[in-house]
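Colleague: Take this structure first; my questions come after.
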Amino acid sequence: MNSASLTLFAAAAGAGQSPPAWAQFIPLVAMAAVFWFLILRPQMRRQKDLQKKVGGIKKGDQVLTGGGFIAKVIKVDDNYADLELGPNVRVKALKSTIADVLPQGGTAPAND
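Reading the sequence shown from the start, the letters are residues 1 to 112 in my numbering.
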């Protein structure tokens, strides 16, 4: 190739306009928006619902602890809940370790 053709290629390559600098950030903003709406927002909503449920527990409710135990609430304080795991088996648990509040009727067995 000669130098004349190289200068023509260089001129042709430089003739096209590059996009503005802010346009490079559009994909990053789009990924952040998708991350927010598909991951963070639903997780915050679930966490808020759980805090609302745990804040409203009262004597007689059935709860699921973080360790997987299903227990009946005997007494509730600001930070603690006294739970009955079985006959004459009582424990004191932090309210923050309660994973879920079960519905009053309980759940139907799988085979019914």
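Positions of the beta carbon are idealized from the N, C-alpha and C atoms, including for glycine. Since the model is a prediction, treat every value here as computed from it, not as a measurement.
With H, G and I counted as helix, E and B as strand and the rest as coil, what does DSSP make of residue 86?
Modeller: strand
Colleague: Which residue from 18, 58, 88 and 86 puts its Cα closest to that of residue 95?
Modeller: 58
Colleague: When you compare only the Cα positions, how much space is there between residue 81 and residue 35?
Modeller: Annotation: residue 81 to residue 35 spans about 36 Å, alpha carbon to alpha carbon.
Colleague: Within this structure, are the beta carbons of residue 102 and residue 62 separated by less than 7 Å?
Modeller: yes
Colleague: Suppose only complete runs of 4+ residues qualify. What are the alpha helix (DSSP H) ranges in the segment 4-73, listed by chain order?
Modeller: DSSP runs (the alpha helix (DSSP H)) wholly in the segment 4-73: 26-35 and 41-55.
Colleague: Among residues of its own chain, excluding the 5 on either side of residue 79, which ones have a beta-carbon nearer than 7 Å to its beta-carbon?
Modeller: Excluding residues within five positions, the ones whose Cβ falls inside 7 Å are 94 and 95.
Colleague: Going by the DSSP bridge assignment, what does residue 99 pair with across the sheet?
Modeller: Partner(s): none; residue 99 has no beta bridge.
Colleague: How would you call residue 83, buried or exposed, if buried means at least 16 neighbouring beta carbons within 10 angstroms?
Modeller: buried
Colleague: Would you report the Cα separation of residue 23 and residue 37, rounded to the nearest angstrom?
Modeller: 22 Å
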